[in-house]
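For reference, the structure discussed in these notes is given below.
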Amino acid sequence: MHLPRTLPLSLPTFSRRTLATHLPSGGPLGTHASFPVSATPSEFTITPRNGFLPLHDPLTTLPPRYAALESLLTRMPLTRMDTHQPGLLATGDFGPAVKDELPLYDVSSETDPRVLTALFRDYTFAASAYLLEPCDLHNRQRGQVAGGGDGTYGLGRSVLPKNLAVPMVQVAAKLGAKPFMEYAQSYALYNYARVDAGKGLEYDNLKLIRAFSGMESEHGFILVHVAMVAHTGAQVAATVNALNAAAAHDRAAFNTHLIAMRTALQHINAQMETMWRHSSPADYLKFRTFIMGTKNQPMFPRGVVYEGVSDQPTFYRGESGANDSIVPTLDNFLAVTENMPENALTEILRDFRSYRPENHTLWLQWVEERAKTLGVRQFALADPNSAVLYLSLLDQLREFRARHWNFTKQYILKHTRHPTATGGSPIVTWLPNQLSVVLSAMTQTATAIGNNTTSSASPLTTENRHLAQELLENAATQQRILDREVRELKLRFEHQDEADTDWSRAEVAAQA
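The numbers in numbering that gives the first Met the number 0 rise by one with no breaks, and the one at position 440 of the sequence shown is 439.
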């Protein structure tokens, strides 16, 4: 095999000229339901059947030709999932094993989307383990995985060897992904198997394929997300149908699909709430290290050089639930995105949304453009009962983001003083930035409903009037509590009002 000395790190971009028009299948959709998809075959093609999950269940093992990589990943976790004995990461031996055992595989001829996605998952798992192994050792030696220590992580490895870097970059290019671990195609949504192939995607029927720690709390942390996303087919169908109804000015159909959307979000939020039961807050730091990124993190002040790819350092955000498409879909449908403040925190949000499958990005762009063109928010507010349904969807969005903030406080802020999240965002202010926008939108919507309580076609029902008032009061209370929490936490954590920290400034210098 002949490889060039370096491979370009710039990945292929896609445009509407290279898109196929996709009519989703697997659910009841209107006749104008088409939205664009990438011309490249992908496991993450969105339909009402699978939603934001892959079209087929993930491959649990790699083809035999990648046996060495399969073996390394099986032996990698702190506690192996097959033998329950200490794995390579437990003793700090994963890095040496990668150098000694892993061939430089030629992936250039791979075209099967399932194999490519499995390779992307597995190379990104191996790369993150390799780069962050010294940080995990640092934390365990200093007692920081149990909440002790000063919150520092030491330094990660600054060079990714070519037997990981070259094939990972090639596979990422084929998928249109960044060559680093992401939420959908790596850590969570392509990392599950069914215990019973004949049953559904309920949490109790799911098991993990790859892990860093091998502990039950990591199992729970990942698979609760899968169980949540299992309900997104209904969200996709309701979103498309509601947009179609708005285009046709069909008020009754529009309201019906808003109710369906709310039901889907209620199922997602209910599943999200089970995180407390399936993943202990006290355990999170024991595997969180490995999902950190190389961007805006002090462990990688000069980034990471991908050997055999480029001599220039790379900087990538770590895996984060912010890469999921549930909330951005709702943000875009409800026109919340366009009201985000123009600040550094919103810029991070936009950057996060580039760490996802091409088809998820195209879907989100389509929903945002379609909702804006049709004036979905204005159409909803033109009728008081539609407006209350719209408000109730904002409340589901509030509930999701508020719970995420509660997770952050209990799983992270209670146990560490590290000032940045896995994706490189400020740990205290980033989520409240988005939550505050939703609370503001709820206040504006409830006020508009109060100014439009009568309609010749649909007078506001007493039940909906009371619901609007209740949601308005809840939003005001939560905003007061949120403001106080952030104010107090900013006294403990540095660099919370900016995306540009001391070490991110070092990134700029390293790239100069």
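Note that the Cβ used here is the ideal one computed from N, Cα and C, for glycine as well.
By the 10 Å Cβ neighbour count, where 16 or more other Cβ atoms means buried, how is residue i classified, buried or exposed?
i	result
LEU22	With a pLDDT of 42 at LEU22, under the threshold of 50, the modelled position of this residue cannot be trusted, and the question is left open.
SER108	exposed
LEU363	buried
THR551	The question about residue 551 has no answer here: the residues shown for the chain are numbered 0 through 511.
HIS256	buried
ILE480	exposed
GLU368	exposed
GLU132	buried
LYS206	exposed
HIS31	A caution first: HIS31 carries a pLDDT of 44, below 50, which makes its placement in the model unreliable, though a value can still be read off. By the 10 Å Cβ count, HIS31 comes out exposed.
ARG64	exposed
LYS198	exposed
THR476	exposed
HIS55	exposed
VAL158	exposed
THR46	buried
GLN311	exposed
ALA196	exposed
ARG486	exposed
THR288	buried
GLU42	buried
VAL106	buried
PRO11	Only weak support exists for where PRO11 lies, its pLDDT of 33 falling under 50; the value from the coordinates is given anyway. Its Cβ having fewer than 16 others within 10 Å, PRO11 is exposed.
TYR189	buried
LYS413	exposed
GLN528	With the chain covering only 0 through 511, there is no way to say anything about residue 528.
THR194	Going by the sequence as given, residue 194 is Val instead of Thr. Answer is exposed; the Cβ neighbour count stays below 16.
PRO178	buried
Distance, Cα to Cα, residue i vs residue j?
i	j	result
TYR129	TYR104	17 Å
PRO166	ARG209	19 Å
ALA233	ASN243	15 Å
VAL366	GLU462	30 Å
GLY91	ASP135	9 Å
SER385	ASN451	11 Å
ASP121	HIS137	24 Å
PHE492	PRO112	43 Å
LEU392	SER439	14 Å
THR372	ALA241	14 Å
LEU466	THR460	10 Å
LEU264	PRO297	37 Å
THR238	THR82	45 Å
THR345	ASN338	10 Å
ILE347	LYS294	11 Å
MET291	GLN443	37 Å
ALA401	ALA445	19 Å
PHE253	PHE378	9 Å
LEU396	LEU434	9 Å
LYS489	ILE325	29 Å
ASP99	THR116	25 Å
LEU72	LEU470	48 Å
LEU361	GLY142	44 Å
PRO40	GLY449	49 Å
PHE124	SER457	54 Å
PRO85	VAL97	17 Å
PRO340	PRO62	47 Å
VAL436	PRO160	43 Å
So, under 8 Å CB-CB, residue i and residue j are touching, yes? Tell me the CB distance rounded to an integer number of Å.
i	j	result
PHE93	ASN268	Incorrect: roughly 37 Å between the Cβ atoms, too far for contact.
LEU388	ILE258	7 Å
TYR512	TYR283	With the chain covering 0 to 511 only, the question about residue 512 has no answer from this structure.
LEU101	ALA67	5 Å
LEU52	ALA229	7 Å
THR231	GLY50	3 Å
PHE211	PHE286	5 Å
ASN600	SER37	Only positions 0 to 511 of the chain appear in the structure, and residue 600 is not among them; the question remains open.
THR78	GLU69	Not confirmed; about 18 Å, so no contact.
GLY153	PHE299	In fact, because the Cβ distance is near 11 Å, the residues do not count as touching under 8 Å.
- Message: Check whether the region 166 to 184 and the region 329 to 345 touch, using three or more Cβ-Cβ pairs below 8 Å as the test.
- Response: Taking 8 Å as the limit for Cβ pairs, the verdict is that the region 329 to 345 does not touch the region 166 to 184.
- Curious, which full-length alpha helix (DSSP H) runs of at least 4 residues does the region 72 to 114 contain? Secondary structure remark: continuous alpha helix (DSSP H) runs of at least 4 residues inside the region 72 to 114, in chain order: 87 to 90, 93 to 100.
- Task: Give a yes or no on contact between the region 302 to 314 and the region 424 to 444, applying the rule of three or more CB pairs nearer than 8 Å.
- Result: Verdict: no, contact absent.
- Query: For the region 318 to 332 against the region 181 to 199, are there 3 or more C-beta pairs whose distance is under 8 Å?
  - Reply: By the criterion of at least three beta-carbon pairs nearer than 8 Å, the region 318 to 332 is in contact with the region 181 to 199.
- Query: Residue ranges of each alpha helix (DSSP H) run of no fewer than 4 residues wholly in the region 369 to 436, ordered along the chain?
  - Reply: Entirely contained in the region 369 to 436, the alpha helix (DSSP H) runs reaching 4 residues are, in chain order, 375 to 380, 383 to 406.
- Taking 8 Å as the threshold, find out whether the region 209 to 227 comes into contact with the region 335 to 355 through three or more Cβ pairs. Contact between the region 209 to 227 and the region 335 to 355 is absent: fewer than 3 CB-CB pairs across the two stretches fall below 8 Å.
- Item | Touch test, the region 269 to 276 against the region 236 to 251, Cβ-Cβ under 8 Å, three pairs minimum | No, the region 269 to 276 is not in contact with the region 236 to 251.
- Message: Does the region 274 to 294 come into contact with the region 220 to 232, if we say contact requires no fewer than three beta-carbon pairs (one atom in each stretch) closer than 8 Å?
- Response: Yes, since at least three Cβ pairs between the region 274 to 294 and the region 220 to 232 fall closer than 8 Å, the two stretches touch.
- alpha helix (DSSP H) runs wholly inside the region 192 to 242, at least 4 long, in chain order: As summarised for the region 192 to 242, the continuous alpha helix (DSSP H) elements at least 4 residues long and confined to that stretch are 215 to 228, given in chain order.
- Jot down the residue ranges of each uninterrupted beta strand (DSSP E) in the region 283 to 323, minimum 3 residues, whole runs only, in chain order. As far as the region 283 to 323 is concerned, its whole beta strand (DSSP E) runs of at least 3 residues are 303 to 305.
- Task: Give, in chain order, every unbroken run of the alpha helix (DSSP H) that is at least 4 residues long and sits entirely within the region 153 to 184.
- Result: Counting only runs of 4 or more, we get 161 to 174.
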